[in-house]
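S.K.: For the record, the sequence lines run as chains A and B. FYI, my numbering numbers position 18 of the first sequence as 117, with every residue one higher than the one before it. FYI, my numbering numbers position 45 of the second sequence as 340, with every residue one higher than the one before it. Cβ coordinates follow ideal geometry from the N, Cα and C atoms, glycine included. Before I ask anything, let me first share the structure, which is written out below as structure tokens.
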Amino acid sequence: MKNILKITYLIILLLTGTYQVNAEEKAQLLKVDWSFKGLFGKFDRASLQRGYQVYTEVCASCHSMKYVSYRNLAEKGGPEFSIEQVKAIAASFEVTDGPNSDGEMFERPAKLSDKFVMPYENVKAAQASNGGAYPPDMSVLVKARSGGANYIYSLLLGYEDPPNGVILDDGVYYNKYMYGNNIRMSKPLSNDLIDYVDGTAATEEQMAKDVTTFLMWAAEPHLEARHKMGFKAILYLIILTILVYFSMKKVWSRIESEV
Amino acid sequence: MSDQEYVPKSKFGKWFNDRLPLLSLASHLTDYPTPKNLNYWWTFGGILTFCLITQIVTGLTLAMHYIAHADMAFESVEHIMRDVNYGWLIRYIHANGASMFFLAVYIHIFRSLFYGSYKSPREIIWIIGIIIYLLMMAAAFMGYVLPWGQMSFWGATVITNLFSAIPFIGEGIVTWLWGGYSVDNPTLTRFFTLHYLIPFLILGLVVLHIWALHVPGNNNPVGIDIKKPSKDTVPFHPYIVIKDGFALLMFTIVFAFFVFYSPNILGHADNYIEANPMVTPAHIVPEWYLLPFYAILRSVPDKLMGVIAMLSAIFILAALPWLDTSKIRSAVFRPLYKQFYWILVVDVLILGYVGAMPAEGLYLLVARVATAYYFIHFLIILPILGFKERTIPLPLSITEPVLGGSSNLSTIKKKESLN
């Protein structure tokens, strides 16, 4: 029994270890004590709401979020804006709908059921406006980068002057956490770039943390439900395992053999 | 089946059983005499059945929401993750379930290697097992393509391109596999079809695997033949059922931990980027369970030879019952084999590790040495060992080991006095 536990543990270590080593060798990422980590990890509601503000006011001018709908903003486990607030948010965007009965496409204010309006018509348009680089869609961005939330946070704060001797092309910036250190996005955050609705001081670190939390939620909107169910499921399994263990001992006591 | 003597009690039961002996089958399965000294390594057969059924059930549910089209697959997976009720749970169980399936199958295979379960008269069970393992790899590979992320696309490109190594007709075969001149929508739809088909083929082979097992009965940690039924055996139900159940529960705790708390740790981040034929990822790596074979493939400089080496690494297992010349099954009584066994385990783990690393410098050298050793183990060490090794004397039965040998002796005495 003990051996099995030991070996299982070893195998898990090996499996996860391989992948950690496999992660790109880059500058050590900044680590944040995220509220959504751990067995009971939950999003910080206020941080999500501020993060949404950073996203709309800063990121959304270039980065789409095409798999997220406005209604998600009011759903449980998310920023949990009120329905009225989200309706107002949605209504501030215009979407193309149609064709109507005359066969014409028309513009209307967005509704709860609409996906986030994209900043560009298509990838080509996005590239044309960004010097050939495509600002990646942010719906699952946190999951699409090794290092996850810590990587995004680090990247946002990782801008610095290039080391001596490194010459950058036009429209390319130096970021110590970026793969290859060259990034097409100019430094997006600076102190007091926005005025937080809730009055929080908008430092670079604060904004980076808030927007990363928001992006984590966008990538894993059911994270809270998952953690909650996981705890219950594992607790249930452990209790059941203990009960079955004693039943097994009882059954096997009829024949004198080790089990 | 040797249970012809089973007679149902009810009249209807008898009438039915005479026409379709389902009740006889059930009786055979519950009474099936199983060696009572089976340890926990023997519980992985049951665990694997659970894995297969979990994959089929979650897979069916996912297939109801998934769209196998190059332009919509990635989006439909996000739809499952966000909008389908508990879609995230079903998909994470399915994705991690594949890893759990392979974890269990590797333990199952290495248990068989340690206790010599592949030896006469169990060769057919073993060979069916190898075919199941091959089909599992095919199913897992095609399943990984379906989300249509970057690793899906480029993994599919790399693996299908292996066929181009075949002389003369290779290129033609690759075009035929793709259904075009690159991995694209036709490739995705056929992979989806095959991914849906293979689990049911596996299910059929599992039935044969168990059927073939029930002819000679289980091997056991001592590795000697036992009389069935006898005091060396216990009926499958309830003894083995509850023990398998207990082990399965332990396994599901590990499984649940991955699903609920690190659902993406075994996957590659790049697969959350939608497939883009114009952008090649920095490193293309397969899922962890294929890494040892990937390392073998890359350790050979010639493409064709690499493919042959990789396939041989799997097919060599099918010849194992004849490559291992020792008549003694269990490694417990083979002091030298036991050591070579553990060296092989380490060798495969090393292959897995270097398979995840770039094929250059020291990694490549290590991969080559480990690949060479893998084949040396099966082709040279095992055949010779059977003739040269001085084995430890076998006990006469599993309950009465060699005189003065076992700590079990006292319990045996106690039991006999009870009788």
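1. Tell me whether A:G140 sits in a helix, a strand or coil according to DSSP, three-state version.
2. According to the Cβ coordinates, are B:T686 and B:F635 closer than 8 Å?
3. Taking 8 Å as the cut-off, does the region 225 to 234 of chain A touch the region 538 to 545 of chain B (at least 3 CB pairs, one atom from each stretch)?
4. Consult DSSP for A:E174 and reduce its assignment to one of helix, strand or coil.
5. Nearest-angstrom Cα distance between A:L254 and A:W316?
6. Name the chain B residues whose beta carbon is nearer than 7 Å to that of A:H321?
7. Just mark A:M347 as buried or exposed, buried being the case when its beta carbon has 16 or more other beta carbons within 10 Å.
8. Whose C-alpha, out of B:G465, B:P530 and B:G411, is nearest the C-alpha of B:S322?
9. Taking Cβ to Cβ, would you say A:S238 is nearer than 8 Å to A:M164?
10. Around the C-beta of B:K683, are 16 or more other C-beta atoms found within 10 angstroms, so that it is buried, or is it exposed?
11. Report yes if the CB atom of A:G176 is closer than 8 Å to the CB atom of A:P287, and no otherwise.
12. For a contact defined as C-beta to C-beta under 9 Å, what are the partners of B:P524 on chain A?
13. Taking only beta-carbon atoms, is B:N514 less than 8 Å away from chain A?
14. When every heavy atom of the ligand FAD is checked, does at least one fall within less than 7 Å of the C-beta of B:F397?
15. In its own chain, which residues sit with a C-beta less than 7 Å from the C-beta of A:V296, not counting the 5 before and 5 after it?
16. Evaluate B:I568 with the Cβ neighbour count: other Cβ atoms within 10 Å of its Cβ, from every protein chain shown; 16 or more gives buried, anything less gives exposed.
17. Spatial neighbours of A:D196 within its chain, please: C-beta separation below 8 Å, excluding the five flanking residues on both sides.
18. Listing by chain order, which chain B residues have their CB less than 9 Å from the CB of A:T340?
19. Pick out whichever of B:A577, B:G601, B:L612 and B:V649 has its Cα sitting closest to the Cα of B:S412.
20. Roughly how many whole angstroms lie between the Cα atoms of B:P303 and B:H509?
21. Suppose you measure from the CA of B:C346 to the CA of A:K186; what does that come to, to the nearest Å?
22. Which of the residues in the region 346 to 373 of chain B, read from start to end, lie with their CB under 9 Å from any CB of chain A?
23. Within this structure, are the beta carbons of A:G150 and A:F313 separated by less than 8 Å?
24. According to the Cβ coordinates, are A:Y169 and A:A209 closer than 8 Å?
25. Mind checking if A:K242 is an interface residue toward chain B, Cβ cutoff 8 Å exclusive?
26. Using a Cβ-Cβ cut-off of less than 9 Å, give me the residues of the region 318 to 330 of chain B that come near chain A, in sequence order.
27. Of all the residues that make up the region 374 to 407 of chain B, which are near chain A by a beta-carbon distance shorter than 7 Å?
28. In chain order, what residues of the same chain have a beta carbon less than 7 Å from the beta carbon of A:D213, not counting five sequence neighbours either side?
29. Which bits of chain B does A:L336 rub up against, with CB to CB less than 8 Å?
30. Where does A:R353 fall in DSSP's three states?
31. State the Cα-Cα distance for the pair A:T299 and A:R144, rounded to the nearest angstrom.
32. Tell me whether the beta-carbon of B:K538 lies closer than 8 Å to the beta-carbon of B:T325.
M.R.: According to the structure shown:
1. Along the first sequence, one-based indexing puts residue 140 of chain A at 41. Correct three-state label for A:G140: coil.
2. In the second sequence, residue 686 of chain B corresponds to position 391, counting from 1. In the second sequence, residue 635 of chain B corresponds to position 340, counting from 1. Not closer than 8 Å, so no.
3. no
4. On the first sequence, residue 174 of chain A is found 75 positions in, with the first residue counted as 1. Coil.
5. Locating residue 254 of chain A in the first sequence gives position 155, counting from the first residue. Locating residue 316 of chain A in the first sequence gives position 217, counting from the first residue. Near 18 Å, if we compare the C-alpha coordinates of A:W316 and A:L254.
6. If you number the first sequence from 1, residue 321 of chain A lands on position 222. Correct list: W383.
7. By one-based count along the first sequence, residue 347 of chain A stands at place 248. Counting every other CB atom within 10 Å of its CB across the protein chains shown gives A:M347 a total of 16 or more, marking it as buried.
8. Translated into the one-based positions of the second sequence, residue 322 of chain B becomes position 27. Here the closest residue by C-alpha is B:P530.
9. As a first step, residue 238 of chain A must be located in the first sequence, where it is residue number 139. As a first step, residue 164 of chain A must be located in the first sequence, where it is residue number 65. The answer is yes: Cβ separation under 8 Å.
10. Position 388 of the second sequence, counted from the start, is the residue given in the question as residue 683 of chain B. Its Cβ having fewer than 16 others within 10 Å, B:K683 is exposed.
11. One-based indexing of the first sequence puts residue 176 of chain A at position 77. One-based indexing of the first sequence puts residue 287 of chain A at position 188. Contact flag unset, no.
12. By one-based count along the second sequence, residue 524 of chain B stands at place 229. Within 9 Å Cβ-Cβ: nothing; B:P524 doesn't reach chain A, min ~12 Å.
13. Taking the first residue of the second sequence as position 1, residue 514 of chain B is located at position 219. No, because no Cβ of chain A sits closer than 8 Å to the Cβ of B:N514.
14. With respect to the ligand FAD, the structure shown offers nothing to examine, as it has no ligands at all.
15. Counting from one through the first sequence, the residue named residue 296 of chain A turns up at place 197. Result list for A:V296: Q152, in chain order.
16. Position 273 of the second sequence holds residue 568 of chain B. The residue in question, B:I568, is buried, as its Cβ has 16 or more Cβ neighbours within 10 Å.
17. Along the first sequence, one-based indexing puts residue 196 of chain A at 97. Hits under 8 Å: M204, F205, E206 and R207.
18. The sequence position of residue 340 of chain A within the first sequence is 241, counting from 1. F541, L544, M545, T547 and I548, listed in chain order.
19. As a position in the second sequence, residue 412 of chain B is number 117, starting the count at 1. Comparing Cα positions, the closest option is B:L612.
20. Residue numbering aside, residue 303 of chain B sits at position 8 when the second sequence is read from its first letter. Residue numbering aside, residue 509 of chain B sits at position 214 when the second sequence is read from its first letter. If you draw a straight line from the Cα of B:P303 to the Cα of B:H509, it comes to about 22 Å.
21. Here the question's residue 346 of chain B lines up with position 51 in the second sequence. Here the question's residue 186 of chain A lines up with position 87 in the first sequence. Their backbone Cα atoms lie some 45 Å apart in a straight line.
22. E370 and E373
23. Residue mapping note: residue 150 of chain A aligns to position 51 of the first sequence, counting from 1. Residue mapping note: residue 313 of chain A aligns to position 214 of the first sequence, counting from 1. Cβ distance < 8 Å, so A:G150 and A:F313 count as in contact.
24. Position 70 of the first sequence, counted from the start, is the residue given in the question as residue 169 of chain A. Position 110 of the first sequence, counted from the start, is the residue given in the question as residue 209 of chain A. The answer is yes: Cβ separation under 8 Å.
25. For the purposes of this step, residue 242 of chain A is identified with residue 143 of the first sequence, where counting begins at 1. Interface residue, yes.
26. From the region 318 to 330 of chain B, no residue has a Cβ closer than 9 Å to chain A.
27. Within the region 374 to 407 of chain B, the qualifying residues are R377, W383 and L398.
28. Counting from one through the first sequence, the residue named residue 213 of chain A turns up at place 114. Excluding sequence neighbours, A:D213 sits near S168, Y169, A189 and V194.
29. Numbered from 1 along the first sequence, position 237 holds the residue referred to as residue 336 of chain A. For a Cβ distance threshold of 8 Å, residue set L544, T547, I548 and A551 of chain B lies close to A:L336, ordered along the chain.
30. On the first sequence, position 254 is the one that residue 353 of chain A refers to. Looking at A:R353 - three-state DSSP - the assignment turns out to be coil, as it is neither helix nor strand.
31. For the purposes of this step, residue 299 of chain A is taken as the residue at position 200 of the first sequence. For the purposes of this step, residue 144 of chain A is taken as the residue at position 45 of the first sequence. Going from the Cα of A:T299 to the Cα of A:R144 covers about 14 Å.
32. Your numbering for residue 538 of chain B matches position 243 in the second sequence. Your numbering for residue 325 of chain B matches position 30 in the second sequence. No, these two residues do not count as a Cβ contact at 8 Å.
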